[in-house]
Every structure is written in structure tokens, then in C-alpha cells.
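To keep things clear, I will list the structure first and then write my remarks on it.
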Amino acid sequence: MASSCKKVKTYHFHSEWEEQYFFTEVKDKNVCLLCNTSVSVAKKGNIERHHKTVHSNFEKSFPLHSAARKEKLKQLKKQLIGQQSIFLRTVDKNKAATEASYRVSQIIAQKKKPYEDGEMIKQAFLEAADSLFANFRNKDEIVSAIKSMQLSANTVMRRVEVMGNDIF
1 MASSCKKVKT YHFHSEWEEQ YFFTEVKDKN VCLLCNTSVS VAKKGNIERH
51 HKTVHSNFEK SFPLHSAARK EKLKQLKKQL IGQQSIFLRT VDKNKAATEA
101 SYRVSQIIAQ KKKPYEDGEM IKQAFLEAAD SLFANFRNKD EIVSAIKSMQ
151 LSANTVMRRV EVMGNDIF
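Pasting the structure below:
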């Protein structure tokens, strides 16, 4: 018996579509820079149809290969990167708070102190921050970072268990 192997077509984004149709690729999705809509399949016909039906007046305002069009593209890409960076900053802050929580939990375990001491250490951090960072412009940001550290007894216990599992 002959097996029927049908060749699967794969479509991918082409960089020339950015200036031509104002589309860009974000996490393997084709996203319109003008309306932030994504097109399911990266086919030129789909992207061209979206651009001509939804943004039909765009060609008149910004003719192809014009300086104004290139400037508009640069502006919209910068705006998209700005929107994405807001989410990345939040993730970075959460990662930093989690890493700090692990480091404090490691010290608590090394010194063989009770897990409840994590809350006391956090309170000490907050009290010290008030006087240490009194003249700093970003004092509120530092204090909120300390407050976001998770150091409850249960959390410290889980962190120590995870670090213990990594040893073996």
C-alpha cells in the first residue's frame, strides 16, 4: 500500500510586508501595526486583503515608499515596543522579588532559624529602608519592591524544599 504523503505548506512572515502593509511579527503572529489585529495565516493575500479592506484610506495619506510612510512605520513600531516593555518591566520586578525571597530563605535555612523569621526579616527591611533611603528619589519604588517579597512561613518552607530538591 502506498501511503499518501501530502506536503504541508508552511507560511512565514516576510520583512518587506512591514513597509508595504504595516504588519510585523510578534511571537510567531502577524500583527497589524495600525489596528493591532492579527491575521491567522501568514499569506500575502490575507495580509494584503486586511490592509486594503480595513485601511483603504491609508495609501492616500501615506503613499508607498514615501518618507512620511517610513516615519509612520518607525513611530508605530516604537509604540509597539513601548507597549511590550511595560509588561516586561512587571515580569522583571516579579522575578527580582522571587529571587530575593529565595536568597533570604536560603539564609534562614543555613542558619537553621524558624521559617516564621522570614516575616520578621521583611519587617526589618522595611524599617531600615525608611531611614536608609529617606533622601533617595526612588524610595517608594524600593519600599514597594521590599513589600512584594514573599517571606511568609509557608513560602519560606516551599522555597527551602525546592532548593533541597535541587541538591539531589
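Going by full-length UniProt numbering, the sequence shown wraps up at 168, each residue one higher than the last. All residues carry an ideal CB built from backbone N, CA and C; glycine is no exception.
Per-residue burial, residue i [other beta carbons within 10 Å of its own, 16 or more giving buried]
i: His51; result: buried
i: Leu132; result: exposed
i: Lys108; result: The sequence as given places Ile at residue 108; Lys does not occur at that position. Classification of Ile108: buried, given that the 10 Å Cβ count is 16 or more.
i: Lys78; result: exposed
i: Leu33; result: buried
i: Gly82; result: exposed
i: Ile167; result: exposed
i: Phe125; result: buried
i: residue 184; result: Given a span of 1 to 168 for the chain in the structure shown, any question on residue 184 remains unanswerable.
Beta-carbon contacts of residue i that lie in its chain and below 7 Å, excluding the five residues immediately before and after
i: Ser101; result: Met149, Gln150, Leu151, Thr155 and Arg159
i: Ala42; result: Tyr11, His12, Phe13 and Asn30
i: Glu18; result: Thr24 and Leu73
i: Ile121; result: Val104 and Leu151
i: His55; result: Leu34
8 Å contact criterion, which residue i and residue j should meet: CB distance rounded
i: Leu73; j: Phe22; result: 6 Å
i: Ala129; j: Val143; result: 5 Å
Cutoff 6 Å; reference residue i; Cβ partners in own chain excluding five residues on either side
i: Asn46; result: Val39
i: Glu25; result: Phe13
Close-in-space but distant-in-sequence residues of the same chain around residue i (CB under 8 Å, 5 per side omitted)
i: Leu76; result: Phe22, Leu33 and Leu34
i: Met163; result: Tyr102, Ser105, Gln106 and Ala109
Inset, instruction - Please list the segments of the alpha helix (DSSP H) lying wholly inside the UniProt domain "SPIN-DOC-like zinc-finger" (15-58), counting only runs of 4 or more residues, in order along the chain. - result: Along the UniProt domain "SPIN-DOC-like zinc-finger" (15-58), the alpha helix (DSSP H) occurs as fully enclosed runs of 4 or more residues at 16-21 and 44-54, listed in sequence order.
Inset, instruction - Ignoring anything shorter than 3 residues or poking outside the region 73-114, list the beta strand (DSSP E) runs there in chain order. - result: Fully enclosed beta strand (DSSP E) runs of 3 or longer: not present.
Legend entry - Entirely enclosed beta strand (DSSP E) segments - the region 132-162, minimum 3 residues: Runs of beta strand (DSSP E) with 3 or more residues, each lying fully within the region 132-162, are absent.
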